[in-house]
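A.B. asks: Those protein sequence lines, which keep their order, are chains W and P. Just so we're aligned: 181 in our numbering is position 181 of the first sequence, and the numbers increase by one with no gaps anywhere. So the mapping is simple: our numbering equals the position in the second sequence, first residue as 1, plus 1000.
Protein chains: 2
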Amino acid sequence: MGVKERKEREKVEMRDKILQSAQHLFLARGFDQISIRNIAEAIEYSPATIYLYFKDKNEIVHALHQDGFRLLVRHFEPLVKFTDPFERLIEMGNAYIKFATTNPGVYELLFVRTEPMEYVSNCLDEEWKEGDRAFDVLFQTVSQCQQSGHFKGLDTQNLSMMIWSFIHGLCSLGISNHIAHVKEARDKKLVVDAVMASTYQTFQTVMERLKS
Amino acid sequence: MGVKERKEREKVEMRDKILQSAQHLFLARGFDQISIRNIAEAIEYSPATIYLYFKDKNEIVHALHQDGFRLLVRHFEPLVKFTDPFERLIEMGNAYIKFATTNPGVYELLFVRTEPMEYVSNCLDEEWKEGDRAFDVLFQTVSQCQQSGHFKGLDTQNLSMMIWSFIHGLCSLGISNHIAHVKEARDKKLVVDAVMASTYQTFQTVMERLKS
DNA sequence: TCTAAAAATAAACACCGTTTAGTAATTTTG
DNA sequence: CAAAATTACTAAACGGTGTTTATTTTTAGA
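#1: Can you list, in chain order, the residues of its chain whose CB lies under 8 Å from that of residue 204(W), leaving out five sequence neighbours each side?
#2: Considering only their Cβ atoms, is the gap separating residue 1071(P) from residue 1106(P) smaller than 8 Å?
#3: For residue 132(W), which three-state DSSP category applies?
#4: Is residue 1030(P) helix, strand or coil when you go by DSSP?
#5: List, in chain order, every chain P residue whose beta-carbon is nearer than 7 Å to that of residue 62(W).
#6: Please report the straight-line C-alpha distance between residue 255(W) and residue 5(W), rounded to a whole angstrom.
#7: Check whether the Cβ of residue 1154(P) lies closer than 8 Å to any Cβ atom in chain W.
#8: Just checking: is the beta-carbon of residue 94(W) within a distance shorter than 8 Å of some beta-carbon in chain P?
#9: In three-state DSSP terms, what is residue 216(W)?
#10: Can you list the residues of chain W that residue 1162(P) reaches, using a CB-CB cut of under 8 Å?
#11: Run through chain W and tell me which residues come within less than 8 Å of residue 1209(P), C-beta to C-beta.
#12: Taking residue 94(W) as part of the alpha helix (DSSP H), name the residues at either end of that continuous run.
#13: Please list, in chain order, all residues of the same chain as residue 1196(P) whose beta carbon is under 8 Å from its beta carbon, the five residues on each side excluded.
#14: Closer than 8 Å, Cβ to any Cβ of chain P: which residues of the segment 25-59 of chain W, in chain order?
#15: Return the chain-ordered list of same chain residues with a C-beta closer than 7 Å to the C-beta of residue 1166(P), the five sequence neighbours on each side being excluded.
#16: Which residues of chain P have a Cβ atom closer than 8 Å to the Cβ of residue 158(W), listed in chain order?
#17: Residues in the segment 71-86 of chain W with C-beta within 7 Å of chain P's C-beta atoms, listed in sequence order?
#18: Quick check on residue 1095(P): buried or exposed, where buried means 16 or more other Cβ atoms within 10 Å of its Cβ?
#19: Do residue 38(W) and residue 25(W) have their C-beta atoms within less than 8 Å of each other?
#20: Rounded to a whole number of angstroms, what is the C-alpha to C-alpha distance between residue 149(W) and residue 1140(P)?
#21: Terminal residues of the continuous alpha helix (DSSP H) containing residue 44(W)?
#22: Can you give me the Cβ contacts of residue 1046(P) inside the same chain, cut-off strictly under 7 Å, excluding the 5 residues immediately before and after it?
#23: Cα separation between residue 77(W) and residue 137(W)?
#24: Are the beta-carbon atoms of residue 109(W) and residue 65(W) separated by less than 8 Å?
#25: Over the uninterrupted alpha helix (DSSP H) stretch that includes residue 1067(P), give me the two end residues.
#26: Quick check on residue 1173(P) - is its C-beta less than 8 Å from some C-beta in chain W?
#27: Does DSSP put residue 1152(P) in a helix, a strand or coil?
#28: Going by DSSP in three states, residue 1082(P) sits in which element: helix, strand or coil?
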């Protein structure tokens, strides 16, 4: 009676195929190109079929979301080798920026677009495990920094928030090309990279000053 | 021969009416509700008529964009009364956050949505005068802070960028409800407000430490 | 008043997410 | 093995979007 097992396997495979297709469309041609019809065409099924595997488009986007968070967390994992918490914190900033700049699409999906947020607002908790975990890594590191005598007198939660806000603002502005207009150069990508790099350096200087 | 003058006046009035309608729809019912058909219905004209006054939808959004930047700059104008540059800088943070939280829709239009950006990438410069002016106010203030002995050894442009990035990250995360998931409280709006307020306080503390 | 220009529109085109009703394939049952 | 039942799939439609084209209505000037 391997029929049931096979059917379940096929169901999972189809789900994966849909998600893979959606991600490919998203990364290759932008958020707007994730259309049910485009996905359907890519996997060579009718649009209606997709609704047998996902409740609606939001559910697809949310699944991609989870994958994105897992990717972010994976960027943080190698940082355990840095035993000094402050050093690890700085490396986390690097890892975060690297994640955002090498995966601008994924970053946009995770932190810029608001559509999935609204969806998540409904089916609370548990869906955001991955996101919470990412923040928790930061929080723990900041906490350890404080235990080592850094950032005296600052609330851990708020300081973590501040650091994340800064890095997010940097990445978000960079990715959305809001920075390019400040400078007059032509090649936007280079400008963004340069500004982000040097701004981040400034951030590091500021953090250094706050160490003791 | 006042006919030509009247026609020109009517042309401008119609343009304004379209923009006013678009802004109303946007602020009242969100970005998605800015549809050519909705605008047309609101001003009691056919959808096609709108294309006699605007090249496409992007041109409408971009016009709203400019208005948004003018509103932001207007939030900064009262700050000239603060003669101490550092005090003015802090007040600018307050003004920016106030702008973002009291006009989340406008803020989203200006700094979160990317659609208008792409449009702007084509018709470079001149369209962004207002945006540049807003950043310039910040830059000048930071520069004056440094002339008063604050923020020693930090590049002005980058430090300005850092400050903007931080505040933007805070507002952006707050508005997009990315913060709410960190805490487990139910009333998101309150949580966002609280976290933003206290985080901002932390930021102020950090800035204070950097004064000398 | 008649004509030429300008302004507005109806209708269509090609998309979108989603639903419904019906077909085709597959599995289970008699 | 054939019939019934279940499952998998899809064609077509609904109401929405931005935009274009051909046509009609309104207006202005001779």
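The beta-carbon is built from N, C-alpha and C at its ideal position, and this holds for glycine as well. Keep in mind the model is a prediction, meaning the values are calculated, not measured.
C.D. replies: On the basis of the coordinates in this document:
#1: Here residue 204(W) is taken as the residue at index 204 of the first sequence, counted from 1. For residue 204(W), where only same-chain residues beyond five positions count, the Cβ hits under 8 Å are 90 and 93.
#2: Indexing the second sequence from 1 puts residue 1106(P) at position 106. Indexing the second sequence from 1 puts residue 1071(P) at position 71. Result yes, Cβ atoms of residue 1106(P) and residue 1071(P) sit closer than 8 Å.
#3: In the first sequence, the residue the question calls residue 132(W) occupies position 132. Helix, per DSSP.
#4: In the second sequence, the residue the question calls residue 1030(P) occupies position 30. In the structure shown, residue 1030(P) sits in coil (DSSP, three-state: anything other than H, G, I, E or B).
#5: Position 62 of the first sequence, counting from 1, holds the residue named residue 62(W). Within chain P, no residue comes near residue 62(W); the closest Cβ sits about 13 Å away, beyond 7 Å.
#6: Because chain W spans 1 through 212 in this model, residue 255(W) falls outside it and cannot be assessed.
#7: Residue numbering aside, residue 1154(P) sits at position 154 when the second sequence is read from its first letter. Judged by the 8 Å Cβ criterion, residue 1154(P) is in contact with chain W.
#8: Within the first sequence, numbered from 1, the residue matching residue 94(W) stands at position 94. No, because no Cβ of chain P sits closer than 8 Å to the Cβ of residue 94(W).
#9: Look at the range of chain W in this structure, 1 to 212, and you will see that residue 216(W) is not part of it.
#10: By 1-based counting over the second sequence, the position of residue 1162(P) is 162. Neighbours of residue 1162(P) on chain W, chain order: 166, 170, 199, 202, 203 and 206.
#11: Taking the first residue of the second sequence as position 1, residue 1209(P) is located at position 209. By Cβ distance, chain W contributes 209 and 210.
#12: Locating residue 94(W) in the first sequence gives position 94, counting from the first residue. Run containing residue 94(W): 85-102, per the alpha helix (DSSP H) assignment.
#13: In the second sequence, counting from the first residue as 1, residue 1196(P) sits at position 196. 1097, 1101, 1170, 1171, 1174 and 1179.
#14: none
#15: Position 166 of the second sequence, counted from the first residue, corresponds to residue 1166(P). Closer than 7 Å at Cβ, skipping near neighbours: 1203.
#16: Your numbering for residue 158(W) matches position 158 in the first sequence. Neighbours of residue 158(W) on chain P, chain order: 1195, 1198, 1199, 1201 and 1202.
#17: none
#18: In the second sequence, counting from the first residue as 1, residue 1095(P) sits at position 95. When all chains shown are included, residue 1095(P) counts as buried.
#19: Mapped onto the first sequence, residue 38(W) falls at position 38. Mapped onto the first sequence, residue 25(W) falls at position 25. Cβ atoms of residue 38(W) and residue 25(W): closer than 8 Å.
#20: Working through the first sequence from its first residue, we reach residue 149(W) at position 149. Working through the second sequence from its first residue, we reach residue 1140(P) at position 140. So the two alpha carbons sit approximately 35 Å from each other.
#21: Translated into positions along the first sequence, residue 44(W) becomes position 44. Element bounds for residue 44(W): n/a, residue is neither H nor E.
#22: By one-based count along the second sequence, residue 1046(P) stands at place 46. These residues qualify, in order along the chain: 1040.
#23: Residue numbering aside, residue 77(W) sits at position 77 when the first sequence is read from its first letter. Residue numbering aside, residue 137(W) sits at position 137 when the first sequence is read from its first letter. Taking the straight line from one Cα to the other gives about 9 Å.
#24: Counting from one through the first sequence, the residue named residue 109(W) turns up at place 109. Counting from one through the first sequence, the residue named residue 65(W) turns up at place 65. Taking 8 Å as the Cβ cut-off, residue 109(W) and residue 65(W) qualify as a contacting pair.
#25: Taking the second sequence and counting its residues from 1, one reaches residue 1067(P) at position 67. Residue 1067(P) -> alpha helix (DSSP H) spans 1057-1076.
#26: Here residue 1173(P) refers to the residue found at position 173 of the second sequence. Yes - at least one Cβ of chain W is within 8 Å of the one on residue 1173(P).
#27: Residue mapping note: residue 1152(P) aligns to position 152 of the second sequence, counting from 1. Looking at residue 1152(P) - three-state DSSP - the assignment turns out to be coil, as it is neither helix nor strand.
#28: Looking up residue 1082(P) in the second sequence gives position 82. Three-state DSSP puts residue 1082(P) in coil, outside helix and strand.
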